[in-house]
Amino acid sequence: MYNMKEWQHIFKLDPAKEIGDEELEKICESGTDAIIVGGTDGVTLDGVLDLLARIRRHTVPVILEISTMDSITPGFDFYYVPMVMNSKDKQWIMGLHHEAVKAYRDMMHWDEIMMEGYCVINPEAKVFTHTQCELPSEDDIIAYAYMAEHMYKLPIFYLENSGAYADPELVGKVKKQLSNTLLFYGGGIASPEQASQMKQYADVIIVGNSVYDNIKAALKTVEAVKGKK
Ligand SMILES: CC(C)=CCC/C(C)=C/CC/C(C)=C/CC/C(C)=C/CC/C(C)=C/CC/C(C)=C/CC/C(C)=C/COP(=O)(O)OP(=O)(O)O
Ligand SMILES: O=P(O)(O)OC[C@@H](O)CO
Ligand SMILES: [Mg+2]
Numbered sequence: 447m448y449n450m451k452e453w454q455h456i457f458k459l460d461p462a463k464e465i466g467d468e469e470l471e472k473i474c475e476s477g478t479d480a481i482i483v484g485g486t487d488g489v490t491l492d493g494v495l496d497l498l499a500r501i502r503r504h505t506v507p508v509i510l511e512i513s514t515m516d517s518i519t520p521g522f523d524f525y526y527v528p529m530v531m532n533s534k535d536k537q538w539i540m541g542l543h544h545e546a547v548k549a550y551r552d553m554m555h556w557d558e559i560m561m562e563g564y565c566v567i568n569p570e571a572k573v574f575t576h577t578q579c580e581l582p583s584e585d586d587i588i589a590y591a592y593m594a595e596h597m598y599k600l601p602i603f604y605l606e607n608s609g610a611y612a613d614p615e616l617v618g619k620v621k622k623q624l625s626n627t628l629l630f631y632g633g634g635i636a637s638p639e640q641a642s643q644m645k646q647y648a649d650v651i652i653v654g655n656s657v658y659d660n661i662k663a664a665l666k667t668v669e670a671v672k673g674k675k
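Taking the working numbering, the leading residue of the sequence shown gets 447, the next gets one more, and so forth.
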């Protein structure tokens with residue numbers, strides 16, 4: 447089985463965006479550790495199923511990051527469930543999760559479901575508005591990371607700066623809070639230099655938008671953190 451603790455690089459593909467077969471093949475065969483299927487808006491079951499079926503032609507592990515109840519389907523290797531720690535609205539922290547448990551607990555297999563403590567730090571990101579986040583200070587972020595590790599014992603703390611490159615020093619400070627909980631960093635990684643810089647601090651870097659904006663550069667981020675295939 448997969449050892450997530452050894453992962454270093456993940457591509458995130460958005461079911462609401464188009465990707466050609468040739469590009470998708472390059473992503474799947476790039477040597478990345480896994481592919482997350484997920485996005486903030488426009489996520490439909492059809493979009494998720496289409497990506498799943500096309501990624502499944504390859505051997506790379508594939509994960510659904512759940513954004514809506516309606517777009518969950520069997521067939522993924524793992525299911526990541528965000529809890530947005532800096533949301534002002536309980537529904538994004540535990541409300542929707544509570545509803546899901548009431549409706550589907552018999553279908554939940556906890557060896558394939560991982561909770562992600564999300565902290566969204568880019569106020570311009572769609573997910574920031576969508577999940578009604580409040581902008582955390584550096585002290586807030588560090589406290590959320592500490593809570594993810596010690597209070598909630600979450601497997602993943604996801605520092606989410608979707609759409610922009612964060613200050614690597616901040617990521618380094620967050621990493622210092624964590625020993626068992628893995629630090630995922632995503633946001634604005636668009637070059638091999640940025641990938642290797644963030645990988646100095648984050649356990650896993652997530653590359654999303656650059657797959658759609660500049661696939662050549664996106665592919666180079668794999669080798670930058672994992673070495674030549
Ligand atoms: C049938 C079957 C296989 C069942 C499996 C059982 C199972 C896994 C059940 C689920 C259990 C469960 C607890 C579900 C939770 C339900 C739920 C809806 C929870 C809410 C989760 C949540 C807080 C979601 C919001 C977070 C979110 C929307 C994250 C999006 C990720 C993200 C930031 C993407 C990047 O943004 P992007 O869209 O790319 O932005 P741009 O377009 O600007 O780039
Ligand atoms: O799209 P980018 O900015 O690469 O961010 C990746 C990921 O963290 C989004 O959830
Ligand atoms: Mg995106």
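The beta carbon of each residue, even a glycine, is placed where N, CA and C say it ideally should be.
Excluding its 5 nearest sequence neighbours in each direction, residue 567 has C-beta neighbours in its own chain below 6 Å: 607, listed in chain order. Secondary structure at residue 650: strand, using DSSP grouped into helix, strand and coil.
Annotation: residue 597 to residue 466 spans about 43 Å, alpha carbon to alpha carbon. Look at which beta carbons fall closer than 6 Å to any heavy atom of ligand 2; those residues are 458, 606, 608, 609, 632, 633, 634, 635, 652, 653, 654, 655 and 656. For residue 672, the enclosing alpha helix (DSSP H) starts and ends at 661 to 672. Residue 482 sits close to residue 509, with the two beta carbons spaced by under 8 Å.
Secondary structure at residue 483: strand, using DSSP grouped into helix, strand and coil. Distances taken from the Cβ of residue 513 to the heavy atoms of ligand 1 include one shorter than 7 Å.
Collapsing the DSSP output to three states places residue 658 in a helix. Judged by DSSP secondary structure, residue 579 falls outside any beta strand (DSSP E); it is assigned neither H nor E. Going by beta carbons, residue 644 and residue 614 fall inside the 8 Å limit. Annotation: the segment 488 to 521 contains the following complete segments of the beta strand (DSSP E) (minimum length 3 residues), in chain order: 508 to 511. Here residue 543 carries a helix assignment [DSSP, helix/strand/coil]. In its chain, beyond the 5 residues on either side, no residue has a beta carbon closer than 6 Å to the beta carbon of residue 499. Annotation: the continuous alpha helix (DSSP H) that includes residue 468 extends over 467 to 474. Not one heavy atom of ligand 1 is found less than 7 Å from the C-beta of residue 461. According to DSSP, residue 458 shares a beta bridge with 482. For residue 592, no beta strand (DSSP E) encloses it; the enclosing alpha helix (DSSP H) starts and ends at 584 to 592. At least one heavy atom of ligand 1 is found less than 7 Å from the C-beta of residue 554. Short of 7 Å from the beta carbon of residue 494, and not among the five residues preceding or following it, lie these beta carbons of its own chain, in chain order: 461, 483, 510, 517 and 519. Counting along the chain, residue 528 sits inside no alpha helix (DSSP H); it lies in the beta strand (DSSP E) bounded by residues 524 to 530. If you check the CB distance, residue 561 and residue 530 do not come in under 8 Å. Taking the CA atoms as reference points, residue 638 sits about 14 Å from residue 457.
DSSP places residue 632 in the uninterrupted beta strand (DSSP E) bounded by 628 to 632.
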